[in-house]
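Student:
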Amino acid sequence: MSECQAQARAAALRTDIERHNHLYHVRAEPEISDPQYDALYKELQELEHAFPGLVTPESPTQRVGGAPQKEFRRVRHIAPMLSLEKKEDLHELELFETDVRRKIPDFQPEYIVEPKIDGVSISVHYVDGLLALGVTRGDGEAGDDITANLRTIPDIPLRLACDGPPPKLLELRGEAYMIEADRIAMNGALRARGEKTFANTRNATAGSLKQLDPKLTAQRHLHAVFYALGAVDGIRFASHEDELETLKQFRVPVPALWFKVSCITDAEARARELKEREGELPYETDGSVIKVNDNATCERLGLKTNVPAYAVAYKRPEWFSETTTKLNNIVVQVGRTGVLSPVAEVETVFLEGTNISRITLHNAEEIRRKDIRIGDTVVIKRAGRVIPAVVRVVDDKRTGTERLFTMPDHCPSCNGPLVQRKLADGEAMEVALRCENEACPAQQARAIEYFAARGGLNVEGLGEIVADKLVERNLAHSPFDLFILTLEQLATLNLGSESAPRIFGEKNAARILAALEQARSAPLHKWIQALGLPSVGESTAIALATTHPSLASIAHSEKLQRVIELARIKEDIKQANPRARIHKGKPAAELAALTARHTELSARQDERKRTVASDGLGSEVGPAVAAEILAYFETKRGKALLDRVKTLGLQSPAAPAPAAATIPSPFAGKTVVVTGTLQHYSREAAHDTLRQHGAKVTDSVSKKTDFLIAGTDAGSKLAKAQQLGVKILGEAEFQKLLASSNASS
Ligand code: IVH
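Counting from 1, position 576 in the sequence shown corresponds to residue 580 in our numbering; the numbering is continuous, with no gaps.
Given below as structure tokens:
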């Protein structure tokens, strides 16, 4: 091979290796096997060995190199590394916005909400697209040169993946971090050698970055993620969103979850959502960061002494209350839809007002990532009314007797095979394991329990245990079977075991049968909800029930088909738009044909829009949900459901949900939102009552909302209502108004 050929081959190999490296380490979606990757890498190494003149510093073979250093060189940051002002509740966030408005009266709120990553801050420089320098935060003005160590982190590209010429300078700000399971493995190795261990991933990361020998850093499995820019030259960004998107294009890892919002209350709501979903992120979070999106506005806002005036850290104090407990066992539950979820059984602890003894661990991936083992001492956290979660293992408490947990390879209920479904887009698999056996007793019991629960047909007395026993004793396999149970069958049901029987009894049985009798005539939307159609929540159920006379008519609904068709036309219009980028440079005749088609489709769209509007489904049922509902009734399960409804003579609970006021009431025709906890009503009961009074109940506060009924612990909806001047009623006022109308009727 000539040097010239070798050079071309080396360049091609580097591009390939960089891409596969990114797919493996950052995206976790490898396209080739490890041996295939190793073969590419080895070929490049051999080429570079044969032609040493070809070696460049950014070659993937040069990540770990150089002799150990004596000490770190001190370097100045081009732009200082700032810290952020902290906000703790919505009110403080509103003051932040007020401050912005004071400086910029015509400010149009637009924010990006992203996780605040709890790692170790780093700064890296790319000069002409190549990684040139890596620095610790230090005192914010100057830090240590840790370039050799940062080069060993596979997530950090040695060369930006730019299509065109790279920017002259890009100073990036981010965080290095370690995954919990890697810290624990590392501690095991350190302990075996009698060395000091690290109590948390942050310390472990900092310690790993401060190694004088980059070969040691390379063994620590560090990761990195970037979220801000320092100095830049030769590139412009219009907004923070633009920065995140561009960095992603360059294959620089950025936060996987972030949101764009256009008011501060939505920012607050998204920050809460991030908190609830932090388990989806590979790093630990420390609240979130809310940033003004528009860069020109950020520049005008500038600094507030030494913190930016355009971004704040949001950390609600209750997000950080933690306690430790012992994890005694991990059991696997099979849900109504067949998804398996591991649940930790822990020694009962009291945290923020509740006793906690069971904690969902979501899936095997989460257990692996946090390296949770049976017998571990674990840190658990519970934010407000959010479900409790295991944060991390206290690995100093490990004794060596802990046991690894593995997901079963068959359904723990029916012993059937398990499957992983493909995600809607592309090849990747869902993490969830599912049992798809329709006769699976656990799924049947959970479907019955769901049907009878508060959000469903509210059959009091029919809970988890009764549902389990009905299935186990072959008395019911679906909610419909409940309607043919006899008093005797139910009364003699043994909720205990053969040796220690616990008979359900006639009184309880009679109560359930009476509730079921009532359920027969429950409004259609309650039925839809209780049957748990995929993607159908309360508002969708109501929209379906008020526009269709029966379940059967939903199954063959032309209204739903029209919603899907409208979406298709919209998509076709996009494709036919002669100004679309894909048609650039096409011959005039082709463009003229497109214009004609575009006009025709637009007319068809207008006509369809009118029909869909008069169909009355409203905005509750989008095309994806419509398609899912229709597809469900084509499945075996869906068809069986319709058959049962027919044979049991249940088609007439079809009385549409009350839409018009049945009682003269101050709520008649009003749009009402309920938020927070009410003392005398469950959320469902409040909604039902309001609907009986002719109100339209919605989930979110807008200018169209007439009343907000606010219980205790009301959060962002209350704030938004105040901001919009919506009339707010406390529970007492709500009851008074209800009573006045009841009295007059
Ligand atoms: S932005 C000019 N975004 O938190 C604004 N910082 O308390 C610079 N941090 O020094 C910071 N995640 O080390 C920003 N998504 C994120 C962050 C983040 C973590 C760290 C960063 C910063 C400190 C401020």
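Here a beta-carbon is modelled for each residue, glycine too, at the ideal position from N, C-alpha and C.
Does DSSP put P312 in a helix, a strand or coil?
Tutor: In this structure, P312 counts as strand in the three-state DSSP scheme.
Student: Which complete alpha helix (DSSP H) runs does the segment 143-170 hold, if anything under 4 residues is left out?
Tutor: Taking only runs of at least 4 residues, the alpha helix (DSSP H) segments lying wholly in the segment 143-170 are 151-154.
Student: Just tell me which of P218, D237 and V128 has its CA closest to the CA of P169.
Tutor: The candidate whose alpha carbon is nearest that of P169 is D237.
Student: Under the three-state reduction of DSSP, which class applies to I577: helix, strand or coil?
Tutor: It is helical.
Student: Is the segment 146-157 in contact with the segment 193-209, if contact means three or more CB pairs nearer than 8 angstroms?
Tutor: Output reads no: the segment 193-209 does not touch the segment 146-157.
Student: Relative to the ligand IVH, is the shortest distance from any of its heavy atoms to the C-beta of D290 smaller than 8 angstroms?
Tutor: Yes, the Cβ of D290 comes within 8 angstroms of a heavy atom of the ligand IVH.
Student: Quick one: grab the DSSP three-state call for S656.
Tutor: Because the pLDDT at S656 is just 47, under 50, the model does not fix this residue reliably, and the value given afterwards should be weighed accordingly. Three-state result, S656: helix.
Student: Taking the beta carbon of K588 as the centre, do at least 16 other beta carbons fall within 10 Å, making it buried, or is it exposed?
Tutor: The residue in question, K588, is exposed, as its Cβ has fewer than 16 Cβ neighbours within 10 Å.
Student: Hey, would you say A275 sits closer than 9 angstroms to V382, going by beta carbons?
Tutor: The answer is no: Cβ separation not under 9 angstroms.
Student: Looking at L564: is its Cβ nearer than 9 angstroms to the Cβ of A630?
Tutor: Yes, the Cβ-Cβ distance between L564 and A630 is below 9 angstroms.
Student: Return the Cβ separation of L137 and V79 in integer angstroms, given the expectation that the two are a contact with Cβ distance under 8 angstroms.
Tutor: L137 to V79, Cβ: 7 angstroms. Contact.
Student: Would you call the segment 646-653 and the segment 688-699 touching, i.e. three or more CB-CB distances under 8 angstroms?
Tutor: Not touching, per the Cβ criterion.
Student: Relative to the C-alpha of L728, which residue among I268, S482 and D246 is closest?
Tutor: That would be I268, whose Cα lies nearest to the Cα of L728.
Student: Would you mind giving the Cβ-Cβ distance between L216 and P72, rounded to the nearest angstrom? I have them listed as a contact below 8 angstroms.
Tutor: Between P72 and L216 the Cβ distance is about 5 angstroms, and since that is below 8 angstroms, they are a contact.
Student: Is DSSP giving S292 helix, strand or coil here?
Tutor: DSSP places S292 in strand when its eight states are reduced to three.
Student: Using a Cβ-Cβ cutoff of less than 8 angstroms, which residues in the same chain neighbour K200 once the five nearest sequence positions on both sides are dropped?
Tutor: So the qualifying residues of the chain are L194.
Student: Compute the Euclidean distance between the alpha carbons of F738 and E282, then round it to the nearest angstrom.
Tutor: Answer to the nearest angstrom: the Cα atoms are 36 angstroms apart.
Student: Identify whether M433 lies in helix, strand or coil by the three-state DSSP scheme.
Tutor: M433 falls in the strand class under three-state DSSP.
Student: Count the other CB atoms, across all protein chains shown, that sit within 10 Å of the CB of F324; report buried if there are 16 or more and exposed otherwise.
Tutor: Burial call: exposed.
Student: Among residues of its own chain, excluding the 5 on either side of P113, which ones have a beta-carbon nearer than 6 angstroms to its beta-carbon?
Tutor: Cβ neighbours of P113 beyond the five flanking positions: S266 and C267.
Student: Report yes if the C-beta of S243 is less than 8 angstroms from at least one heavy atom of the ligand IVH; otherwise report no.
Tutor: Every heavy atom of the ligand IVH is 8 angstroms or more from the Cβ of S243, so no.
Student: Where L598 and D148 are concerned, what is the direct C-alpha to C-alpha distance, given to the nearest angstrom?
Tutor: If I take the Cα positions, the gap works out to 59 angstroms.
Student: Could you check where the alpha helix (DSSP H) with D103 kicks off and where it finishes?
Tutor: Where D103 is concerned, the enclosing alpha helix (DSSP H) stretches over L94 to K107.
Student: Drop a sphere of 10 angstroms on the beta-carbon of N462, count the other beta-carbons inside from all chains shown, and report buried for 16 or more, exposed for fewer.
Tutor: By the neighbour-count rule (16 or more Cβ atoms within 10 Å), N462 is buried.
Student: Around the Cβ of C8, are there at least 16 other Cβ atoms within 10 angstroms (buried) or fewer (exposed)?
Tutor: Exposed, by the Cβ-count rule.
Student: For K724 and F711, I'd like the C-alpha separation in whole angstroms.
Tutor: Taking the straight line joining both Cα atoms gives about 12 angstroms.
Student: Please report how far the alpha carbon of D485 lies from the alpha carbon of F230, in whole angstroms.
Tutor: D485 and F230: Cα-Cα distance of roughly 55 angstroms.
Student: Rounded to whole angstroms, what is the Cα-Cα separation between E47 and D20?
Tutor: Approximately 12 angstroms between the Cα atoms of the pair.
Student: Using 8 angstroms as the Cβ pair cut-off and three pairs as the minimum, do the segment 336-350 and the segment 446-465 touch?
Tutor: Contact between the segment 336-350 and the segment 446-465 is present, because at least three Cβ pairs lie under 8 angstroms.
Student: Would you tell me roughly how many angstroms separate the C-alpha atoms of E624 and S706, rounded to the nearest one?
Tutor: Taking the straight line joining both Cα atoms gives about 15 angstroms.
Student: Under the three-state reduction of DSSP, which class applies to C415: helix, strand or coil?
Tutor: Correct three-state label for C415: coil.
Student: Measuring CB to CB, does P161 end up less than 9 angstroms from F254?
Tutor: Contact: yes.
Student: Going straight from the alpha carbon of R373 to that of I183, what length do you get?
Tutor: When rounded, the distance between both Cα atoms is 7 angstroms.
Student: Spatial neighbours of L278 within its chain, please: C-beta separation below 6 angstroms, excluding the five flanking residues on both sides.
Tutor: Excluding positions up to five away in sequence, the list reads P119 and S292.
Student: Can we count E118 as close to the ligand IVH, meaning its CB is less than 8 angstroms from some heavy atom?
Tutor: E118 Cβ: within cutoff of the ligand IVH.
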